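This report refers to the structure that appears directly beneath it.
Number of protein chains: 4
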Amino acid sequence: MKDKKLSRREREKLRQRQEMLAAALELFSEKGYHNVSMHEIAERAEFAIGTLYKFFKNKEDLYKSLIKEQADRFHEALTKALEEADDEREKLRNYVKAKGSVFIENAPVIRLYFAETRGASFNIKAGLDSEIRERYERFLHTLALVFESGIKRKRFQKIAEPYQLAVALDSICNAFLFLWLEDPKSHPYPEDPDIILNILFKGLLND
Amino acid sequence: MKDKKLSRREREKLRQRQEMLAAALELFSEKGYHNVSMHEIAERAEFAIGTLYKFFKNKEDLYKSLIKEQADRFHEALTKALEEADDEREKLRNYVKAKGSVFIENAPVIRLYFAETRGASFNIKAGLDSEIRERYERFLHTLALVFESGIKRKRFQKIAEPYQLAVALDSICNAFLFLWLEDPKSHPYPEDPDIILNILFKGLLND
Amino acid sequence: MKDKKLSRREREKLRQRQEMLAAALELFSEKGYHNVSMHEIAERAEFAIGTLYKFFKNKEDLYKSLIKEQADRFHEALTKALEEADDEREKLRNYVKAKGSVFIENAPVIRLYFAETRGASFNIKAGLDSEIRERYERFLHTLALVFESGIKRKRFQKIAEPYQLAVALDSICNAFLFLWLEDPKSHPYPEDPDIILNILFKGLLND
Amino acid sequence: MKDKKLSRREREKLRQRQEMLAAALELFSEKGYHNVSMHEIAERAEFAIGTLYKFFKNKEDLYKSLIKEQADRFHEALTKALEEADDEREKLRNYVKAKGSVFIENAPVIRLYFAETRGASFNIKAGLDSEIRERYERFLHTLALVFESGIKRKRFQKIAEPYQLAVALDSICNAFLFLWLEDPKSHPYPEDPDIILNILFKGLLND
DNA sequence: GATGAATGAGTTTTCATTCAT
DNA sequence: GATGAATGAAAACTCATTCAT
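Chains as they are written, first to last, in full-length UniProt numbering: chain A, 1 to 207; chain B, 1 to 207; chain C, 1 to 207; chain D, 1 to 207.
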């Protein structure tokens with residue numbers, strides 16, 4: 001509702017901000033935080049350097065804003081995926097599919113995102129990540145609730161703690177996405193979510 | 001064999017090199033590649049800056065050497081773990097245990113290692129990682145062979161491609177190690193490797 | 001006369017100008033020329049930056065106008081003090097009193113004023129001060145005339161050239177004002193002008 | 001003694017430092033702190049900018065060192081002048097002469113020095129001056145002791161507090177030096193110190 | 001006429017790397 | 001062979017000024 005009430009001026013500002021963030025995203029994913037200069041970002045975005053500093057108080061602020069915005073979008077999409085089914089198994093299927101499509105659509109950000117959630121955020125002094133990490137943590141707990149509910153309702157066996165299962169599933173998805181990222185042709189992200197889920201669902205052991 | 005033939009001079013050189021790498025490792029893990037200067041490394045290692053450049057042609061070379069050396073140690077230990085049993089399940093147990101102990105003993109490097117294998121190596125221009133990645137890839141194939149053999153020998157069900165299973169197992173271990181890294185107390189890495197392996201071994205589904 | 005003929009428009013303009021100068025004065029005395037930005041001045045004066053530039057063609061012009069205006073007020077008050085008595089000694093008493101009260105009432109400007117008349121006007125490129133200095137020089141000559149007249153009328157001994165005496169008296173007043181500026185409590189500016197004048201009037205030597 | 005024990009390396013360093021300070025002094029006195037860039041100083045001193053930063057941790061540090069060094073030299077010379085006579089009047093004569101010669105020999109610094117002791121040190125954030133001011137204050141007290149002793153020994157009349165007399169004498173000297181600074185030809189600093197001292201010594205009044 | 005968004009030259013500072021001693 | 005002083009390119013950031021609305 002209120003989003004519509006933006007004045008032309010405000011809409012213009014928002015558009016500029018998006019252009020700056022887009023340019024920064026491109027450059028950061030290409031070269032990494034420390035190998036991109038503010039001048040480069042300004043140039044790519046086709047703004048003067050001073051204008052960049054009108055929108056973001058410094059380089060770190062720009063980076064933070066970028067990461068936070070993307071993380072928000074991802075978590076929103078994934079959380080929504082978990083809500084769009086009643087059946088726990090279906091929720092997980094939705095999640096695996098959503099994770100794939102969201103990430104594949106946003107390939108350039110993935111590396112940045114991983115650098116901040118898991119992996120080493122050496123890009124930036126410190127403390128930046130805490131907010132992102134926390135958000136990620138919260139999502140893992142939401143995912144764990146699906147496993148917990150499935151176990152309570154006797155649909156799943158309790159082969160591990162729900163949180164551990166959430167971590168396991170998420171990390172497997174990430175791993176597949178990395179394979180895809182590095183070589184999309186020989187390692188496509190599975191269309192059928194069950195290919196991933198079966199790693200958890202079907203026991204490996206023949207007994 | 002030939003390793004033993006090092007002259008005193010050569011042994012001394014090697015020792016110096018190790019000291020430099022150790023100092024660099026400490027600093028890089030504390031502050032990240034871009035927040036560490038060559039001067040700092042030289043000072044911590046108690047060598048002159050010029051001497052550092054006698055051993056490594058530039059900062060990137062130093063970093064690469066460091067990461068490569070550590071990655072070698074890790075992969076050696078993990079590969080050895082896979083060889084120290086005949087039974088496939090036992091191999092995997094060894095692997096999960098070895099991964100845990102090696103990483104936990106080398107906590108400071110883990111972040112750097114992850115940044116380079118999985119995750120985003122933005123630290124360095126580009127191309128650095130290719131060698132490390134390749135080495136990692138090779139290891140995953142070795143791990144995959146264990147699954148393949150287990151499947152061929154009908155000990156494991158083929159719930160996914162062996163390579164995918166390798167990726168899945170490794171990523172779950174990584175995920176558990178991250179949890180431990182962030183909060184060792186509430187997320188200890190399981191003593192019993194079956195806790196991790198069961199996620200693959202026991203199917204989740206009740207049917 | 002012609003001052004009264006200002007149209008409402010003109011009076012309004014003058015008021016705005018005064019507000020801008022007042023804001024600038026506050027900021028310059030607080031932080032010094034180079035540590036104050038035009039934006040800051042505009043903000044404090046509650047005008048848009050563009051409006052500021054309608055009134056003053058650049059930062060230096062604003063500063064010059066400010067200093068000139070204040071210097072005018074000071075010199076006017078001091079010149080008037082010299083005129084308000086017939087007796088030379090009384091003139092000097094008036095001057096010492098006026099200098100004290102004018103400066104103390106305008107404490108914030110004093111430092112700026114000193115920086116420009118005596119002391120180092122490093123604030124601004126160069127040449128700014130010439131006008132101010134000249135005005136100050138003119139005043140010193142006016143003050144020297146009082147000494148000259150006193151000497152001619154045999155009221156004063158000619159212990160030095162009139163101009164030198166003027167310089168001496170003025171510098172002693174300044175010195176006392178500095179003492180007061182730095183620590184008003186332990187160094188009050190003397191109520192009784194003779195305390196300062198006696199330094200010239202009574203010879204120090206016992207003979 | 002120990003000054004002689006400087007190694008060639010140390011002497012070389014000291015010489016470089018002096019060259020840098022000399023270049024900085026020239027530029028600061030020509031254009032003022034804020035109108036001089038570190039690049040300019042480096043260029044004038046014929047060093048690379050990085051070398052400048054090896055000697056001074058930042059621009060402010062360079063400025064402080066410069067001012068402090070000069071202030072030290074001045075105060076040393078003036079204090080020594082006060083010690084080189086037993087008779088109070090002779091001490092003051094020495095002081096007036098020393099002040100003249102020291103300042104005239106160091107004309108370029110005078111403005112900077114005044115800016116920091118009396119006058120408006122807006123050049124630098126804050127706190128810089130406190131040290132210089134304190135040193136100046138100490139000197140004034142030393143000068144006041146001469147007046148005090150002269151008064152106690154009945155050589156001087158107590159026409160004002162000793163500290164006030166010190167302030168007065170110093171400010172008169174400063175004023176004469178300013179006249180000289182602005183126009184050396186028409187306002188030479190008096191060869192004969194009594195010309196200045198008589199302003200205090202001989203009473204102005206004919207009675 | 002007033003506004004304030006946009007500009008970009010210019011500033012301080014860091015640090016990888018070289019090379020004379 | 002080791003040293004560390006010297007280098008200078010390049011980075012982040014500021015702010016006086018302009019000009020389209």
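Glycine included, each C-beta is placed from N, C-alpha and C at the ideal position.
All of these numbers come straight from a predicted model, not from anything done at the bench.
Looking at C-alpha atoms only, which residue of Lys158(A), Arg135(A), Ile104(A) and Arg89(A) is the closest neighbour of Glu182(A)?
The shortest C-alpha separation from Glu182(A) is found at Ile104(A).
Of all the options Ile199(C), Ala48(C), Glu40(C) and Gln164(C), which has the alpha carbon lying nearest to the alpha carbon of Lys158(D)?
Per the Cα distances, Ile199(C).
In chain C, what lies closer than 9 angstroms to Phe176(D) by C-beta?
Going along chain C in sequence order, the residues near Phe176(D) (Cβ under 9 angstroms) are Gln164, Val167, Ala168 and Ser171.
C-alpha gap between Glu90(A) and Asp194(A), whole angstroms:
Answer to the nearest angstrom: the Cα atoms are 10 angstroms apart.
What residues from chain A crowd round Ala23(B), counting only those whose CB sits closer than 8 angstroms?
Correct list: empty, because the minimum Cβ distance to chain A is about 17 angstroms.
Just confirm the distance between the C-beta atoms of Ile172(B) and Ala81(A), as a whole number of angstroms; I'd bet it's less than 8 angstroms.
The Cβ separation is near 21 angstroms, so there is no contact.
Option in Asp61(C), Glu69(C) and Arg15(C) with minimal Cα separation from Ala45(C)
Closest by alpha carbon: Arg15(C).
Per DSSP, what kind of secondary structure is Gly32(C) in: helix, strand or coil?
In this structure, Gly32(C) counts as coil in the three-state DSSP scheme.
Rounded distance between the beta-carbons of Pro108(D) and Glu26(D), thought under 8 angstroms
Contact flag correct, Cβ pair sits at about 7 angstroms.
Excluding the 5 residues preceding and the 5 following Ile41(D) in the sequence, name in chain order all residues of the same chain whose CB lies nearer than 8 angstroms to its CB.
Residues of the same chain with a CB within less than 8 angstroms of the CB of Ile41(D), apart from the 5 flanking positions on each side, are Met20, Ala23, Ala24, Leu27, Leu52 and Leu62 in chain order.
Strictly below 8 angstroms CB to CB, what residues from chain D border Ile199(C)?
Near Ile199(C) (Cβ distances below 8 angstroms), the residues of chain D are Ile159, Ala160, Gln164, Leu165, Ala168 and Leu200.
Any idea what DSSP makes of Ser65(C), helix, strand or coil?
Residue state, collapsed to three classes: helix.
Go to Ser101(B), then tell me how far its alpha helix (DSSP H) extends in each direction, as first and last residue.
Per DSSP, the unbroken alpha helix (DSSP H) holding Ser101(B) starts and ends at Glu88 to Glu105.
Taking the straight line between their C-alpha atoms, what separation do you get for Ile132(B) and Glu30(C)?
One C-alpha to the other measures close to 58 angstroms.
Residue-chain proximity (Ile195(D), chain C), Cβ-Cβ < 8 angstroms
Yes - at least one Cβ of chain C is within 8 angstroms of the one on Ile195(D).
Using a beta-carbon distance below 8 angstroms, is residue 213(A) in contact with chain B?
Any question about residue 213(A) goes unanswered here, given that chain A covers just 1 to 207.
Which residues in chain A sit within 8 angstroms of Leu179(B), going by Cβ to Cβ distance?
In chain order: Val167.
Is it buried or exposed, Ala48(D), if we count other Cβ atoms within 10 angstroms and call 16 or more buried?
The residue is exposed, with fewer than 16 neighbouring Cβ atoms inside 10 Å.
What are the boundary residues of the alpha helix (DSSP H) that Tyr189(D) is part of?
Run containing Tyr189(D): none; DSSP gives neither H nor E here.
Member of Pro162(D), Lys202(D), Arg111(D) and Val96(D) whose CA lies at the smallest distance from the CA of Leu78(D)
Cα-wise, what sits closest to Leu78(D) is Val96(D).
Counting C-beta neighbours from all protein chains within 10 Å, is the total for Gln18(C) 16 or more, i.e. buried, or is it exposed?
The residue is exposed, with fewer than 16 neighbouring Cβ atoms inside 10 Å.
Can you give the Cα-Cα distance for Leu177(C) and Asp170(D), rounded to whole angstroms?
Looking at the two C-alpha atoms, the distance is approximately 14 angstroms.
Under the three-state reduction of DSSP, which class applies to Glu46(C): helix, strand or coil?
Here Glu46(C) sits in coil by DSSP.
Return the CA-CA distance between Glu191(C) and Glu161(D), expressed in angstroms with no decimal places.
About 15 angstroms.
Consult DSSP for Glu12(A) and reduce its assignment to one of helix, strand or coil.
Looking at Glu12(A) - three-state DSSP - the assignment turns out to be helix.
Do Leu140(A) and Tyr163(A) have their C-beta atoms within less than 8 angstroms of each other?
Yes, the pair counts as a contact, with Cβ atoms nearer than the cut-off.
Proximity to Ala98(B) [Cα-Cα], best of Glu60(B), Glu76(B) and His39(B):
Of the candidates Glu60(B), Glu76(B) and His39(B), the one whose C-alpha sits nearest the C-alpha of Ala98(B) is Glu76(B).
Between Asn123(D) and the rest of its own chain, which residues show a CB-CB distance below 6 angstroms, the 5 nearest in sequence each way excluded?
Bear in mind that a pLDDT of 38 at Asn123(D), under 50, signals an unreliable position, so the number given afterwards is only what the model happens to contain. Only residues of its own chain outside the window of five on either side were considered, and among them Tyr33 have a CB closer than 6 angstroms to the CB of Asn123(D), listed in chain order.
With DSSP run on the structure shown, which of helix, strand or coil describes Asp194(C)?
Assignment of Asp194(C) by DSSP, reduced to helix, strand and coil, places it in the helix class.
By the DSSP assignment, the alpha helix (DSSP H) with Phe178(A) in it spans what residues?
Per DSSP, Phe178(A) belongs to the alpha helix (DSSP H) from Pro162 to Glu182.
What is the DSSP secondary structure of Ala24(B), counted as helix, strand or coil?
In this structure, Ala24(B) counts as helix in the three-state DSSP scheme.
Return no unless some Cβ of chain D is closer than 8 angstroms to the Cβ of Arg118(C).
Residue confidence is low: Arg118(C) scores 44 on pLDDT, short of 50, so the model does not pin down where it sits. No coordinate-derived value is stated.
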